[in-house]
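Protein sequences appear in the order of chains A and B. Quick note on my numbering: the first sequence kicks off at 9 and runs consecutively. Quick note on my numbering: the second sequence kicks off at 9 and runs consecutively. Below is one structure, written out as structure tokens; the observations come after it.
2 protein chains.
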Amino acid sequence: MSAPLSAAEHHAFKQELFAEFARVAKALASPHRLQLLYLLAQRERSVEDLARELELPIANASQHLQSLRRARLVEVRREGPYAYYRLADESVYRLYQALLEVGEARLAEVERIVRDYRGGRDTLEPIGSAELLRRLKQGDVVLLDTRPEEEYRAGHIPGAISMPVKAIRSRLRELPVGREIIAYCRGAYCVFSDEAVTLLRDRGFRARPLSVGLPDWRAAGLPVEVDAGAAPETTSPTTRASRRRVSPRQR
Amino acid sequence: MSAPLSAAEHHAFKQELFAEFARVAKALASPHRLQLLYLLAQRERSVEDLARELELPIANASQHLQSLRRARLVEVRREGPYAYYRLADESVYRLYQALLEVGEARLAEVERIVRDYRGGRDTLEPIGSAELLRRLKQGDVVLLDTRPEEEYRAGHIPGAISMPVKAIRSRLRELPVGREIIAYCRGAYCVFSDEAVTLLRDRGFRARPLSVGLPDWRAAGLPVEVDAGAAPETTSPTTRASRRRVSPRQR
DNA sequence: GATTCATTCAATCCATATGTTGAGCAACCG
DNA sequence: CGGTTGCTCAACATATGGATTGAATGAATC
């Protein structure tokens, strides 16, 4: 039972074990793959779709996705000619979050890059999740999901309106003037909500960004609503119908 | 203020940003560096010390440590001829934890390696942190820190007795026969506490391992006691005295 | 000052990763 | 069936990372 274990055995065991963990870290160790995870945290997507958004050759995107798959960070669902990739589970996003947290805390470069990029726009007074929840219950705020509509359909904060930042200019009349507007997007390094808030303020609205993105909201265990007709979680045989537009958007 | 930002600018920004995060991930992407972090999570240590425990050439260890340092995952404190490395902060350990969590959840290999290594010894009925805290207050358990004494001195669970697993055979008479004995060590993949529990049970004691290691306990925000005279947290000028043995061990 | 010791640096070799290109494959369409 | 589409694979060039060796640094000691 308590068989004596040699130091050499100990050593080999540790080596094998940490080699496995290093495999996971290796999968994270590429800017392109991190960006893929960032996009996949919003919703499952096809190879071509991802490649287009990241401006990558398709073969390159495919290879990165397979590398992520070998590390079990993402999973594929094949449907006809398409391969839809998605995050394997919530623990993958928590790892991604932990990586960004360390990066932010430790790398002065990150701060500099962000500051350089969005000049004065870091004083938009973001609202926290707890306060948003409270005020949503009171009904005195309007909540905008500024991500592309497909991402809204794949999961959004209950009560949010889909208002992709690209469409917001033409949809201003849908917004109330009295209540404060809260905008959220993909996460801390996504500019959709910041752009929306800046634009809304220019037009005389009271607006603030949410401090976190939808994946962070979900990871915090807060409620997320999925539209009927959104790409199914279960790998059902052939749900071609899932590609149609549905969006029974709530106001 | 809301200066229009071109798609190309967006793209370059994302590239730079994720390149920085990838740098952090790259630092994690090596079995040897992960093992270094594992050891440094216990206490700060010198290069030679780490190299000896991991059976690495010193130059190799030094280079890995510098690579971790460039990613800001560890920091150095130089004292005379020695370079003492330590984890940069708690967020680094949380990242390490998140990596292991994903590895455990996703890689069947990890399970296999662990199972292969410790045959039947995974049914030692570990006790959780909450239950341990409760029973420590009641005073009906004895808590053993089975790590090397230096690690105990650098930080241990309040009330724990330092009982390195290598010394336990010769110190059995210090242990009470009535109360249950709880043993903890470096973490889930450390075998010190399992070995101690197995040995104690063979000798007729009631013993169980704690489900987490000291760094996990600390990361959970639970109290940790540091011995007076242990290597100082603050990089004080020249605290040579810190190398003497102190250990006013409490029973 | 010369010596010793812990650590770092520099140069090398080898292995692995990345990006690119073009070919291959399977599903679907006409 | 032949063509198109979405993805994957294979082969290559280039770049990067890791381990090893021996020399260099820098602090402490003699």
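All C-beta atoms, glycine included, are put in the ideal place defined by N, C-alpha and C.
TODO: State the Cα-Cα distance for the pair A:Gln23 and B:Pro39, rounded to the nearest angstrom.
DONE: 7 Å
- [ ] Going by DSSP, name the residue or residues bridged to A:Ser54.
- [x] A:Tyr92
TODO: Use the C-beta contact count for B:Gln146: other C-beta atoms within 10 angstroms, 16 or more gives buried, fewer gives exposed.
DONE: exposed
Task: Simplified DSSP assignment, three categories, for A:Pro65 - done: coil
TODO: Using the DSSP secondary-structure output, state which residues sit across from B:Ala215 in a beta bridge.
DONE: B:Ile189
TODO: Would you give the residue range spanned by the alpha helix (DSSP H) that A:Leu140 belongs to?
DONE: 137-146
TODO: Just list the alpha helix (DSSP H) runs in the stretch 146-180 of chain A, keeping only unbroken ones of 4 residues or longer that don't cross its boundaries, in chain order.
DONE: Qualifying alpha helix (DSSP H) stretches, in chain order: 157-162.
TODO: For A:Glu63, count neighbouring C-beta atoms within 10 Å of its own C-beta (all shown protein chains included) and say buried if the count is 16 or more, exposed if not.
DONE: exposed
TODO: Answer yes or no: does any C-beta atom of chain B fall closer than 9 Å to that of A:Asp57?
DONE: no
Open item on the list: Taking a contact to mean a Cβ-Cβ separation below 9 Å, would you say A:Leu140 touches A:Leu208 in this structure?
Closed with: no
Task: Pair within 9 Å by beta-carbon distance, A:Pro172 and A:Pro184 - done: Result no, Cβ atoms of A:Pro172 and A:Pro184 do not sit closer than 9 Å.
Task: B:Glu233 in three-state terms, based on DSSP - done: strand
Open item on the list: If you measure between the beta carbons of A:Leu115 and B:Leu103, is that distance less than 9 Å?
Closed with: Not closer than 9 Å, so no.
- [ ] Give me the Cα-Cα distance between A:Leu48 and A:Asp97, rounded to the nearest whole angstrom.
- [x] 11 Å
- [ ] Just mark A:Arg60 as buried or exposed, buried being the case when its beta carbon has 16 or more other beta carbons within 10 Å.
- [x] exposed
- [ ] Grab me the residues of A:Ala227's own chain with a C-beta within less than 8 Å of its C-beta, minus the 5 sequence neighbours each way, in chain order.
- [x] Glu98, Tyr101, Arg102, Gln105
TODO: Using a Cβ cut-off of 8 Å, pull out every chain B residue sitting near A:Lys22, in sequence order please.
DONE: Gln43, Tyr197
Task: Three CB pairs or more closer than 8 Å across the stretch 69-80 of chain B and the stretch 27-36 of chain B - done: yes
TODO: Within its chain, find whatever has a CB closer than 7 Å to the CB of B:Arg143; leave out the 5 residues flanking it on each side and keep chain order.
DONE: Cβ neighbours of B:Arg143 beyond the five flanking positions: Val149.
Open item on the list: Considering just the uninterrupted stretch of the alpha helix (DSSP H) at A:Val205, what are its terminal residues?
Closed with: 200-210
Open item on the list: Less than 6 Å between C-beta atoms, sequence neighbours within five positions excluded: which residues of the same chain meet that for A:Ile176?
Closed with: Ala204, listed in sequence order.
TODO: Could you spell out the range, first to last residue, of the beta strand (DSSP E) harbouring A:Arg85?
DONE: 82-87
TODO: Give the range of the alpha helix (DSSP H) segment to which A:Arg194 is assigned.
DONE: No alpha helix (DSSP H) holds A:Arg194; DSSP gives it neither H nor E.
Task: For B:Gly111, the first and last residue of its enclosing alpha helix (DSSP H) - done: 98-114
Open item on the list: With distance defined between alpha-carbon atoms, name the residue in A:Ser14, A:Tyr160, A:Arg41 nearest to B:Leu25.
Closed with: A:Arg41
- [ ] Throw me the rounded Cβ distance for the B:Leu151 and B:Ile190 pair, which I believe falls under 8 Å.
- [x] 5 Å
Task: Chain-ordered neighbours of B:Lys34 on chain A, where CB pairs are closer than 7 Å - done: Ala37
Task: Three-way DSSP call (helix, strand, coil) for B:Ser14 in this model - done: coil
Open item on the list: So, for B:Pro256: in the same chain, excluding its five sequence neighbours on each side, which residues have a beta-carbon less than 6 Å away from its beta-carbon?
Closed with: Only weak support is given to the placement of B:Pro256: the predicted model assigns it a pLDDT of 32, under 50, and the value that follows is read from those uncertain coordinates. Hits under 6 Å: none found.
Task: Residue environment, B:Ile165, which counts as buried when at least 16 other CB atoms sit within 10 Å - done: buried
TODO: Output, in sequence order along the chain, the residues in the stretch 90-104 of chain B whose CB is closer than 8 Å to any CB in chain A.
DONE: Ala96, Asp97, Ser99, Val100, Arg102, Leu103
- [ ] Confirm, please, whether the CB-CB distance from A:Tyr125 to B:Gln21 is below 9 Å.
- [x] Note that residue 21 of chain B corresponds to Phe in the displayed sequence, not to Gln. Closer than 9 Å, so yes.
Open item on the list: Give me, in chain order, the residues of the same chain whose beta-carbon lies closer than 6 Å to that of A:His18; leave out the 5 immediate sequence neighbours on both sides.
Closed with: none
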